[in-house]
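Numbering-wise (my numbering), the sequence shown opens with residue 3 and increments by one. Read the structure below first, then the notes.
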Amino acid sequence: MGQPYTSRLGRFQVDQKKGCVPLTITLTNLLVGDCSPGKPCVMDYEGNNTQAQNTFTHTYTTAGTFKLSVIYQSIGADDITITVDPNPQPNFEIYACAASKASIKVVDNNYDQYVINFNSDQDNVPEYTLPFSNNIITPSYTYVPAGTHVASVRGRRLNSADNCTAKTQSFTTLAVLPIPTLNTLTSLDATSVKLDFSTATHVSYRLEIAVNNSTTYQLLQSVYGTNTATLTGLKLDNNFYCFRLGAYDPCNNITTYSNQMCTSLFTATAQSDVNKIAWLTAATPFISSYSLNVKQGNISSSIPINNPAATSYNDTNITCRLNYCYTLVTNYSGGGKSTSLEKCVTSFSNKVPTGITDVTAIVRAGGAELSWTQDPKFTPINYGVQRSAGTNPLSFFTVATTTKMTDASYATAEKYCYQIGYTDKCGNIAATGSIACPIRLEGILDKKNAISLTWSSYHGWKNGTKNYVVQKYNLQGALIKTFATTDTTFMDDQPDAANQLVRYSIEAVANDPGLTASI
Numbered sequence: 003m004g005q006p007y008t009s010r011l012g013r014f015q016v017d018q019k020k021g022c023v024p025l026t027i028t029l030t031n032l033l034v035g036d037c038s039p040g041k042p043c044v045m046d047y048e049g050n051n052t053q054a055q056n057t058f059t060h061t062y063t064t065a066g067t068f069k070l071s072v073i074y075q076s077i078g079a080d081d082i083t084i085t086v087d088p089n090p091q092p093n094f095e096i097y098a099c100a101a102s103k104a105s106i107k108v109v110d111n112n113y114d115q116y117v118i119n120f121n122s123d124q125d126n127v128p129e130y131t132l133p134f135s136n137n138i139i140t141p142s143y144t145y146v147p148a149g150t151h152v153a154s155v156r157g158r159r160l161n162s163a164d165n166c167t168a169k170t171q172s173f174t175t176l177a178v179l180p181i182p183t184l185n186t187l188t189s190l191d192a193t194s195v196k197l198d199f200s201t202a203t204h205v206s207y208r209l210e211i212a213v214n215n216s217t218t219y220q221l222l223q224s225v226y227g228t229n230t231a232t233l234t235g236l237k238l239d240n241n242f243y244c245f246r247l248g249a250y251d252p253c254n255n256i257t258t259y260s261n262q263m264c265t266s267l268f269t270a271t272a273q274s275d276v277n278k279i280a281w282l283t284a285a286t287p288f289i290s291s292y293s294l295n296v297k298q299g300n301i302s303s304s305i306p307i308n309n310p311a312a313t314s315y316n317d318t319n320i321t322c323r324l325n326y327c328y329t330l331v332t333n334y335s336g337g338g339k340s341t342s343l344e345k346c347v348t349s350f351s352n353k354v355p356t357g358i359t360d361v362t363a364i365v366r367a368g369g370a371e372l373s374w375t376q377d378p379k380f381t382p383i384n385y386g387v388q389r390s391a392g393t394n395p396l397s398f399f400t401v402a403t404t405t406k407m408t409d410a411s412y413a414t415a416e417k418y419c420y421q422i423g424y425t426d427k428c429g430n431i432a433a434t435g436s437i438a439c440p441i442r443l444e445g446i447l448d449k450k451n452a453i454s455l456t457w458s459s460y461h462g463w464k465n466g467t468k469n470y471v472v473q474k475y476n477l478q479g480a481l482i483k484t485f486a487t488t489d490t491t492f493m494d495d496q497p498d499a500a501n502q503l504v505r506y507s508i509e510a511v512a513n514d515p516g517l518t519a520s521i
């Protein structure tokens, strides 16, 4: 039954029985002589016992279902049900087209129908009525003149008043759709990325994806009214993905595409003394360079890689046993940047450190002083000193923190030998070093006052001993004379009336220059 709507007992009619809030209705009495000043009726519009005489219009300001009653003096009450629905403004999207055209898509499900006015700021513009349906789009509309206009969409329910509030949007026509730009592509985790792009208002975009190439694209999702998109369900540790954004013209079914941007299949692997970085991405002509960002603790740095065809980098500027984290930034012509996942490795070295093979031993009154040279390519944690006495094997003696130590318990009566070892800061044990035994000197005075000296060979240097120097001192410690020899024996049979009591020491000179003599 159409308008007007008759009450349950047929005594009155209303012009509307359903509509959006606020809903104003007009009541008409059908009984002659009733609801007049002489024979008034009582109206209860909302069924809450709020009564008024001969009131023939009412506005409902809240949504709900109401029982409208009219009480007649002689015959009692009659009624009708009034339904007042919520009044949400429907959401809609305006899709700009070239040549000052546009189309509208309603993205709302609150109503049975939608009434579209492309140009509600002008009179006599025809309206389009769309039934409710997902993704339904209007035919194209051409704006004359070009410029800024106001479009409106209002919802309408069947068998209901057409009084729902319209939603309006301002729209500026376009001669051509601007080409979108992909600005940044950031890998968030192993399954998701974030795309940031530059778009225009009221343009429909199609985001497309290609897997492990930059040519076979397929539609991923539609984009409208935003300049960012977070994409999930990817496998960034197995594939690389390329993206492009198309500005879609629904009036002409034409898509204009942006620049391309791709993720990188990025890996970092620690090997001895090098962190190997590798990546795979689409070899497009739009890549200008790469930046390898390195983070170690609180220290960050960036390594420029200017070859756009590069696919790997060996980072040797590392220290063992430290954690390094890498990200690769692909720099595109035009300023776009794609940032990879972060990959972290702990560096290590398995190089065997150089052994301590040049040890100098000097015997003094306070004991045997040992010093040695350290290969600067390796950094010891400390040094382990082993010692043997007599015919006993080497055994642990002490720890040294520098390249010197003194054995205060050394005694010339016993043969002592030493070997120095270390573990470097990378945890590697040094190669076996030289065994150094301090020179032990013996002397005999014969009946002719000739002095025979013998001493032990010195073997603490890897390239051996060049020669020995016999040093002769008086009792006051002044050097009297020196004698060079390559033997380990010496006969001093020259008369020396001025120095009847003398002292001797033996100095070993190394073949390698720069080493301190052993005494």
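The C-beta atom is built at its ideal place from N, Cα and C for all residues, glycine as well.
For residue i versus residue j, is the C-beta distance shorter than 9 Å?
i    : j    : result
Q18  : L11  : no
V472 : A452 : no
F245 : L343 : no
K297 : C327 : yes
T174 : S122 : no
I422 : G386 : yes
D114 : P133 : yes
N277 : N316 : yes
V361 : A438 : yes
I383 : P440 : no
I106 : A148 : no
L372 : D409 : yes
N325 : T341 : no
T356 : K339 : no
Q53  : I73  : yes
T491 : S459 : no
S168 : Q91  : The sequence shown places Ala at residue 168, not Ser. Cβ distance < 9 Å, so A168 and Q91 count as in contact.
Between which two residues does the beta strand (DSSP E) containing residue i stretch?
i    : result
L32  : No beta strand (DSSP E) holds L32; DSSP gives it neither H nor E.
C22  : K20 to C22
W457 : I453 to W457
H151 : T150 to R158
N295 : I289 to Q298
D426 : Y418 to D426
I320 : Unbroken run through I320: none, as it is neither H nor E.
N384 : P382 to A391
A510 : V504 to A512
N469 : T467 to N476
E129 : Per DSSP, E129 belongs to no beta strand (DSSP E) and is neither H nor E.
E95  : F94 to C99
I'd like the list of long-range same chain contacts for residue i, defined as Cβ closer than 7 Å, with 5 residues on each side in sequence excluded.
i    : result
T234 : T193 and S194
S291 : P306, I307, N308, P310 and N333
K464 : T359, D360 and S436
Exposed or buried, what is residue i when buried is set at 16 or more other beta-carbons lying within 10 Å of its beta-carbon?
i    : result
G21  : buried
M3   : At M3, the pLDDT of 43 sits below 50, so the modelled position is not reliable and the matter cannot be decided from this model.
F199 : buried
M45  : buried
N261 : buried
S520 : buried
V109 : exposed
C264 : buried
T201 : buried
R505 : exposed
M493 : exposed
F398 : exposed
N185 : buried
V155 : buried
Under a CB-based cut-off of 9 Å, is residue i close to chain C?
i    : result
C428 : This model lacks chain C altogether; it includes just one protein chain.
Sorted by chain position, which residues of the same chain lie with C-beta nearer than 6 Å to residue i's C-beta, five sequence neighbours on each side aside?
i    : result
L443 : W457 and I508
T230 : D198
A391 : E416 and Y418
T518 : T362
I84  : K19, F68 and L70
Under the DSSP definition of a beta bridge, which residues are partnered with residue i?
i    : result
K196 : T188 and T232
A370 : V365 and D409
D46  : S71
G66  : V86
S76  : Per DSSP, none; premise fails for S76.
K278 : T271 and N316
L25  : Y62
V225 : Y207
T348 : N325
Starting from the C-beta of residue i, find all residues in its chain whose C-beta is less than 8 Å away, skip the five residues before and the five after it, and write them out in chain order.
i    : result
A100 : L176, A177, V178, L179, D251, C253, N254 and I256
Q15  : P6, Y7, T8, S9, L29, T30 and L32
A104 : I96, Y97, A98, F120, S142, Y143, Y145, A153, F173, T175, H204 and C253
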